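Below: the structure, in structure tokens.
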Amino acid sequence: RRGAGQYAVKRSQRFQTLVKLVQLAERGARERLAQANRELHRREQQQRQLESYEQEYATRWLETGRHGIAGTELAQRGAFRASLAGTLAIQERAVGAAREQSALSAAQWRGVRNRQRMFEDLAARARADEEREAARRLQKLINDLPRRVDPSDAEPGT
Numbered sequence: 212r213r214g215a216g217q218y219a220v221k222r223s224q225r226f227q228t229l230v231k232l233v234q235l236a237e238r239g240a241r242e243r244l245a246q247a248n249r250e251l252h253r254r255e256q257q258q259r260q261l262e263s264y265e266q267e268y269a270t271r272w273l274e275t276g277r278h279g280i281a282g283t284e285l286a287q288r289g290a291f292r293a294s295l296a297g298t299l300a301i302q303e304r305a306v307g308a309a310r311e312q313s314a315l316s317a318a319q320w321r322g323v324r325n326r327q328r329m330f331e332d333l334a335a336r337a338r339a340d341e342e343r344e345a346a347r348r349l350q351k352l353i354n355d356l357p358r359r360v361d362p363s364d365a366e367p368g369t
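In my numbering, the protein residues as written are 212 to 369.
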């Protein structure tokens, strides 16, 4: 019959299982953060392109206005500028939402990363405790050896 502790999983091994799980969670959080940052970068780049186009179009608008322009063309260009301004406003909101998502993803990653470090520290402490306990048991065994040796087992002449 085997002892109850013979199949018991060591505490450090249980923590190591948790460390592996939280490492997977950290990797997922890191990937979501990278995706959120890529999306933010893409949105900001789109916004810069729209702002550049709007500035270029405003400059053309002023130059055309100096030379005179027909009323219908003026109305069309005005409508286009208003449409461009609306598109820019939508893009600015999209950039704001992407910034918020990036900040949220970063906070989630930091939380998971901190949890990962905590479990890694707990696993390391558990391993150190187990090593100290094994060393203590070995030292006790070594100390108890002289008491366990039967004097009648000693070789003759010693």
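A virtual CB, placed ideally from N, CA and C, is assigned to each residue, including glycine.
Predicted model, so just to flag it, every value in this text is computed and none were measured.
#### Entry: Supposed contact pair Ala-334 and Gln-227 - C-beta distance, whole angstroms, cut 8 angstroms
As a position in the sequence shown, residue 227 is number 16, starting the count at 1. As a position in the sequence shown, residue 334 is number 123, starting the count at 1. Contact flag correct, Cβ pair sits at about 5 angstroms.
### Query
Smallest Cα separation from Arg-225: which of Glu-342, Glu-331, Leu-356?
Against the sequence shown, residue 225 aligns to sequence position 14. Closest option to Arg-225, Cα to Cα, is Glu-331.
### Query
Among the residues of its own chain, which have a CB less than 8 angstroms from the CB of Leu-299, if the five just before and after it don't count?
As a first step, residue 299 must be located in the sequence shown, where it is residue number 88. Within the same chain, Leu-299 has close Cβ partners Gln-258, Leu-261, Glu-262, Glu-265.
### Task
Please confirm if the region 244 to 253 is in contact with the region 304 to 312, defined as three or more CB-CB distances below 8 angstroms between the two stretches.
yes
### Message
Taking only three categories from DSSP, how would you classify Ala-308?
### Response
Reading the sequence shown from its first residue, position 97 is the one you call residue 308. Helix at Ala-308.
### Message
On a Cα-Cα basis, can you pick out the residue from Arg-347, Arg-238, Arg-271 that is closest to Arg-292?
### Response
One-based indexing of the sequence shown puts residue 292 at position 81. The residue with the shortest Cα to Cα distance from Arg-292 is Arg-271.
### Task
Could you name the residues of the same chain whose beta carbon sits closer than 6 angstroms to that of Ala-240, not counting the 5 residues immediately before and after it, in chain order?
What you label residue 240 is simply residue 29 of the sequence shown in a count that begins at 1. Cβ neighbours of Ala-240 beyond the five flanking positions: Gln-319, Trp-320, Val-323.
### Query
Exposed or buried, Ser-294, counting other C-beta atoms within 10 Å across all chains shown (16 or more means buried)?
Here the question's residue 294 lines up with position 83 in the sequence shown. With fewer than 16 other Cβ atoms within 10 Å, it is exposed.
### Query
Could you give the distance in angstroms between the alpha-carbon of Leu-229 and the alpha-carbon of Val-220?
Numbered from 1 along the sequence shown, position 18 holds the residue referred to as residue 229. Numbered from 1 along the sequence shown, position 9 holds the residue referred to as residue 220. Distance between the alpha carbons of Leu-229 and Val-220 is about 13 angstroms.
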